[in-house]
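A quick write-up on the structure given underneath.
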Ligand code: BGC
């Protein structure tokens, strides 16, 4: 950071230049990585509830659903099958492992290289899935999609946070989450259409169309410039400065550029980003990059995202009604994400986190009570009246909305902006891998958990939301409007971390 002197105010310093069309377009293209991720999240639930898909790949599940067996009467256990859930969740295991390779690639070869590679592997996976003739092709395809997601999710949020001017970083970064939600909605709509194809190959369209966001992302990333921070990290001063001037729309970028140079010099002294990241000096960042993704998944959101069609079927909505409900929650997800785009740099991260948390808790308690009342603790095949199921759909939507303007976008934004350059790639890889691990766990075990914990499952997630809301209140600093290479100051001004992080950790900047 430039010079010594006083510590900047928590709102951070203002540099010359602003947001340019160039930066907005670059961010829009990069955010396409979110489309791939979202499409995956949304597509598997619908596909695994299509009879033609089950008959071809998982005939025993098909039989279980349609025949007379022990589970038939238990509404909570209707869909519990590990091979089937492995189809959904294998992707996230692959993404978890890939994110570590992505971390090295992103640091050594730039953000753009990771994006390009991720897009290509994802594309190959989509083709394999669309053409699948056996379970092996399905799972290998899913694993390749996972590698693509691991690379994209590791590089895109960092790319966005580095390209954006500080006062718009939240909004531009949330372009990623916006794309995720659009991907989920598109997948829901496509499933709704393809499930109607009588000859039974609709699932091929659903899976194969994942190629569309992959092509957008891959071709887009061929043309994307790399971030000034990354160009500098790889030693090209001249080019980095030119890029900064271009994205800020002014030649007067000296102050910001000097901060990038200082951050990059500090980063060069760090030979082992992983060893450093786990050292005491970076404890707050390590904790944030580990707990935020863990908590994001423990909100239980993916129960809705993956299994909405299955869940709604379980809850007694008819076949069509259940896919329609998934579409409705998909729309709520997209619209509510816009709320955070507009407010994240004004209200700040914490206000959204806290409000969203409280709203989610209320909804989870109500939904648990309603399911408990309808199906009891034995899951007797009870029926829900139309008015009760509509009311429940309302609360599920309110829960999705709360997530969509809080933990959804902020789960990607905050970890990507709190780490200094030297540990940014490592921090983001940690964020992605923890996120993917718990996405996998929920994807793999939700249906069993529902079978065993019954309506209490919703209280289980609600309990976690209480804990995470307290965590945010006490441990997460406000980062709105703070320049990314100026972020170290927030720890010094934070009630808890100022006492636990040594001062040499906190660089200062001129007034
Ligand atoms: C989460 C996903 C989730 C999605 C829902 C993302 O931020 O990482 O796990 O499915 O939001 O919109």
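Numbering (the numbering used here), first residue to last: 1219 to 1729.
Built from N, CA and C at the ideal position, the CB exists for glycine as well.
{"Check": "Between which residues of its own chain and residue 1590 is the CB-CB distance below 7 Å, once the five residues before and five after are set aside?", "Outcome": "1673"}
{"Check": "In terms of residue numbering, what span does the alpha helix (DSSP H) encompassing residue 1640 cover?", "Outcome": "1639-1671"}
{"Check": "Just to confirm the assignment: which complete beta strand (DSSP E) runs, minimum length 3, are found wholly within the region 1508-1574?", "Outcome": "none"}
{"Check": "Looking at the structure shown, is residue 1261 part of a helix, part of a strand, or coil, going by DSSP?", "Outcome": "helix"}
{"Check": "Please classify residue 1415: does DSSP put it in a helix, a strand, or coil?", "Outcome": "coil"}
{"Check": "What's the C-alpha gap between residue 1410 and residue 1264?", "Outcome": "8 Å"}
{"Check": "Measuring from the CB of residue 1381, is there a heavy atom of the ligand BGC at a distance below 7 Å?", "Outcome": "no"}
{"Check": "Excluding the five sequence neighbours on either side, which residues of its own chain have a C-beta within less than 8 Å of the C-beta of residue 1517, listed in chain order?", "Outcome": "1578, 1621, 1625, 1679, 1682, 1683, 1686"}
{"Check": "Under the criterion of a Cβ to heavy atom distance below 7 Å, does residue 1514 qualify as lining the ligand BGC?", "Outcome": "yes"}
{"Check": "So what's residue 1403 in DSSP terms, helix, strand or just coil?", "Outcome": "helix"}
{"Check": "Assuming residue 1690 and residue 1571 make a contact with CB atoms under 8 Å, what is their CB distance in whole Å?", "Outcome": "4 Å"}
{"Check": "Using 8 Å as the Cβ pair cut-off and three pairs as the minimum, do the region 1635-1648 and the region 1361-1381 touch?", "Outcome": "yes"}
{"Check": "If you drop the 5 nearest sequence neighbours on each side, which residues of the same chain put their C-beta closer than 6 Å to that of residue 1253?", "Outcome": "1397, 1401, 1431"}
{"Check": "If you run the structure through DSSP and keep just helix, strand and coil, what is residue 1371?", "Outcome": "helix"}
{"Check": "For the alpha helix (DSSP H) containing residue 1712, list its first residue and its last residue.", "Outcome": "It is not in any alpha helix (DSSP H) - residue 1712 carries neither H nor E in the DSSP assignment."}
{"Check": "Is residue 1277 buried or exposed, if buried means 16 or more other CB atoms sit within 10 Å of its CB?", "Outcome": "exposed"}
{"Check": "Return the residue from the list 1379, 1649, 1463 that minimises the CA-CA distance to residue 1563.", "Outcome": "1379"}
{"Check": "Need the endpoints of the alpha helix (DSSP H) that residue 1461 sits in, please.", "Outcome": "1455-1466"}
{"Check": "Sort 1541, 1434, 1322 by Cα distance to residue 1341 and report the nearest one.", "Outcome": "1434"}
{"Check": "Regarding residue 1623 and the ligand BGC, is the C-beta to nearest heavy atom distance less than 7 Å?", "Outcome": "no"}
{"Check": "Are residue 1699 and residue 1385 close, meaning C-beta to C-beta below 8 Å?", "Outcome": "yes"}
{"Check": "Taking 7 Å as the cut-off, is the C-beta of residue 1395 nearer than that to any heavy atom in the ligand BGC?", "Outcome": "yes"}
{"Check": "When we look at the beta-carbon of residue 1718 and count the other beta-carbons within 10 Å, is it buried (16 or more) or exposed?", "Outcome": "exposed"}
{"Check": "Of the choices 1393, 1360, 1274, 1303, whose alpha-carbon is the least far from that of residue 1559?", "Outcome": "1393"}
{"Check": "Taking only the alpha-carbon atoms, compute the straight-line gap between residue 1580 and residue 1466 and give it to the nearest angstrom.", "Outcome": "43 Å"}
{"Check": "Quick one: what's got a C-beta closer than 6 Å to residue 1382's C-beta in the same chain, skipping five residues either side?", "Outcome": "1390"}
{"Check": "Could you work out which residue in 1692, 1305, 1653, 1387 is closest to residue 1561 when comparing CA atoms only?", "Outcome": "1387"}
{"Check": "Just verifying my parser: in three-state terms, what is the DSSP assignment at residue 1282?", "Outcome": "helix"}
{"Check": "Identify, in the order they occur along the chain, each residue of the same chain with its Cβ nearer than 6 Å to the Cβ of residue 1492, setting aside the five sequence neighbours on each side.", "Outcome": "1644"}
{"Check": "At a cut-off of 7 Å, is residue 1523 close to the ligand BGC when judged by its beta-carbon and the heavy atoms of the ligand?", "Outcome": "yes"}
{"Check": "How close, in whole Å, do the beta carbons of residue 1355 and residue 1346 come, if the pair is a contact with beta carbons under 8 Å?", "Outcome": "6 Å"}
{"Check": "Would you call the region 1659-1674 and the region 1299-1318 in contact, with 3 or more CB pairs under 8 Å?", "Outcome": "yes"}
{"Check": "Buried or exposed: residue 1301, going by 16 or more other Cβ atoms within 10 Å of its Cβ?", "Outcome": "exposed"}
{"Check": "Indicate, with yes or no, if the ligand BGC has a heavy atom lying under 7 Å from the CB of residue 1629.", "Outcome": "yes"}
{"Check": "What residue range does the alpha helix (DSSP H) around residue 1448 cover?", "Outcome": "1446-1451"}
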